[in-house]
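J.:
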DNA sequence: ATATTGTTTTAAACTGCATTTAAAACGAAA
DNA sequence: TTTCGTTTTAAATGCAGTTTAAAACAATAT
């Protein structure tokens with residue numbers, strides 16, 4: 001065995017941090033090697049290329065961060081409660097990883113073609129059971145048919161987008177980090193209410 | 001005078017297209033020169049550096065595309081009508097430039113630090129008059145105080161975000177381009193309704 | 001018409017860094 | 001001591017952004 005058992009992991013972790021922080025294309029393999037404290041060529045030994053490493057990291061990031069959310073959506077919770085929990089859990093995840101959304105958006109531009117092929121992404125979006133619940137709820141109160149696609153898009157938009165434009169929100173409202181977090185915390189209830197209003201009769 | 005009066009413009013236009021399409025960091029100066037049909041060195045002659053050119057392009061993109069929107073927000077229209085027009089106009093702009101949002105998000109990740117310094121960005125966000133109207137409306141119906149910041153964020157989120165995740169929406173719902181556009185057209189009314197509901201008493 | 005001037009264009013070179021490869025060195029275990 | 005996976009070294013290759021110096025050009029002044 002060699003000096004350090006998990007060189008691969010060190011590369012993976014260092015690259016993850018750097019990609020999130022500086023973006024894939026502004027991170028060089030040398031940056032990664034130096035941050036991981038390993039030799040330049042090891043990156044190629046373990047992952048065959050930078051793009052390969054990126055794919056692995058991206059897949060991992062999505063999987064890791066959607067796991068709990070998918071569980072909530074697929075659970076047997078009643079719709080109201082499910083929405084509430086989902087919104088709250090999603091926001092908590094993003095609060096813990098402030099750059100996730102921004103990074104993901106950047107990738108969505110950078111790797112547009114690739115993104116659909118990555119089945120992993122489907123985790124983020126459109127769960128059968130949840131969809132059914134929304135449709136059913138819409139039928140009960142005879143709100144003119146609720147479209148689950150709009151509902152879904154609204155929900156994800158309102159939850160995630162503020163993180164992407166965080167610098168603008170903070171700047172315009174003169175918030176520091178702490179205040180921004182408080183603002184986002186408020187949004188949990190706010191978003192839940194908006195969403196419920198949109199499917200419940202008044 | 002030289003062969004072509006607007007070499008500078010040709011560079012500017014070619015670079016704009018490429019940046020929007022492939023991203024700044026995946027577009028080389030040589031790509032730009034070849035697309036513009038000009039000599040490599042001219043890029044440096046007219047703009048001093050690639051980053052400089054990018055700044056100019058970015059500023060221009062924001063200015064150009066927010067001009068009409070700001071006008072609406074600052075107008076004397078009644079709130080309902082103002083919201084309706086804003087949502088519709090915003091969506092129309094994005095439909096005409098399908099990559100704008102995605103590109104902007106990518107830049108928000110790439111140039112986080114820079115972005116706040118660009119005063120231009122403030123055009124996008126937080127207009128005094130409009131803000132006042134929202135607050136006033138909230139007071140009328142005694143909905144427990146409406147927070148204009150949440151309103152603003154909701155509005156921009158629901159309008160723009162779908163364009164950023166377009167590939168995912170199309171994939172999951174098996175939409176072609178035409179159908180996606182139809183979906184977005186539906187959102188004009190949908191979003192307007194969501195927003196009005198959030199500030200009007202039931 | 002010619003010379004002069006400032007601008008625009010060209011071709012080539014420079015510098016540096018990026019990613020990748022191939023072969024050598026190393027260390028632990030068989 | 002051979003073997004194997006791992007790590008290091010060194011170098012190949014290529015492209016990125018930028019700079020230079022000279023040529024071509026258009027307009028004006030002589």
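Chains as they are written, first to last, in the numbering used here: chain A, 1 to 202; chain B, 1 to 202. All C-beta atoms, glycine included, are put in the ideal place defined by N, C-alpha and C.
1. Run through the stretch 75-112 of chain B for me and flag every whole alpha helix (DSSP H) of 4 or more residues, listed as ranges in chain order.
2. Closer than 7 Å by beta-carbon distance: list the chain B residues that pair up with residue 171 of chain A, in chain order.
3. So, helix, strand or coil for residue 27 of chain A, using DSSP?
4. With a 10 Å radius around its C-beta and 16 neighbouring C-beta atoms as the bar for buried, classify residue 162 of chain B as buried or exposed.
5. Excluding five sequence neighbours on each side, which residues of the same chain lie with their C-beta closer than 7 Å to the C-beta of residue 87 of chain A?
6. Whole angstroms are fine: how far does the CA of residue 153 of chain A sit from the CA of residue 51 of chain A?
7. With DSSP as the reference, label residue 47 of chain B as helix, strand or coil.
8. Can you tell me whether residue 34 of chain A is buried or exposed? The criterion is at least 16 other CB atoms within 10 Å of its CB, across all chains shown.
9. Assuming residue 79 of chain A and residue 128 of chain A make a contact with CB atoms under 8 Å, what is their CB distance in whole Å?
10. Using DSSP with H/G/I as helix, E/B as strand and the rest coil, what is residue 138 of chain A?
11. Check the Cβ-Cβ distances between residue 25 of chain A and every residue of chain B, and say whether any is below 7 Å.
12. Contact defined as beta carbons within less than 8 Å: I believe residue 108 of chain B pairs with residue 167 of chain A. What is the distance between those atoms, to the nearest angstrom?
13. Using 8 Å as the Cβ pair cut-off and three pairs as the minimum, do the stretch 5-15 of chain A and the stretch 39-49 of chain A touch?
14. Cβ of residue 154 of chain A less than 7 Å from any chain B Cβ?
15. Taking 6 Å as the limit between beta carbons, can you name the residues of its chain near residue 31 of chain A, skipping five residues before and five after?
16. Measuring CB to CB, does residue 53 of chain A end up less than 7 Å from residue 15 of chain A?
17. CB residue 199 of chain B to CB residue 146 of chain B, shorter than 7 Å?
18. Using a Cβ cut-off of 9 Å, which residues of the stretch 35-50 of chain B contact any Cβ in chain A, in chain order?
19. Could you tell me whether the Cβ of residue 157 of chain B comes closer than 7 Å to any Cβ of chain A?
20. Please report how far the alpha carbon of residue 21 of chain B lies from the alpha carbon of residue 140 of chain A, in whole angstroms.
21. Going along the chain, which residues of its own chain have a beta-carbon closer than 7 Å to the beta-carbon of residue 84 of chain A, five neighbours each way excluded?
T.: Based on what the coordinates show:
1. 79-96, 100-110
2. In chain order, 116 make up the part of chain B whose C-beta sits under 7 Å from the C-beta of residue 171 of chain A.
3. coil
4. buried
5. Correct list, in chain order: 159, 188, 191, 192.
6. Their backbone Cα atoms lie some 30 Å apart in a straight line.
7. Note: residue 47 of chain B maps to coil in three-state DSSP.
8. Classification of residue 34 of chain A: exposed, given that the 10 Å Cβ count is below 16.
9. Actually they do not touch by this definition, with Cβ atoms about 14 Å apart.
10. Secondary structure at residue 138 of chain A: helix, using DSSP grouped into helix, strand and coil.
11. yes
12. 7 Å
13. Contact holds: three or more Cβ-Cβ distances are below 8 Å.
14. It does; some Cβ of chain B falls within 7 Å.
15. 18
16. yes
17. Yes, they are a contact pair.
18. none
19. yes
20. 45 Å
21. 192
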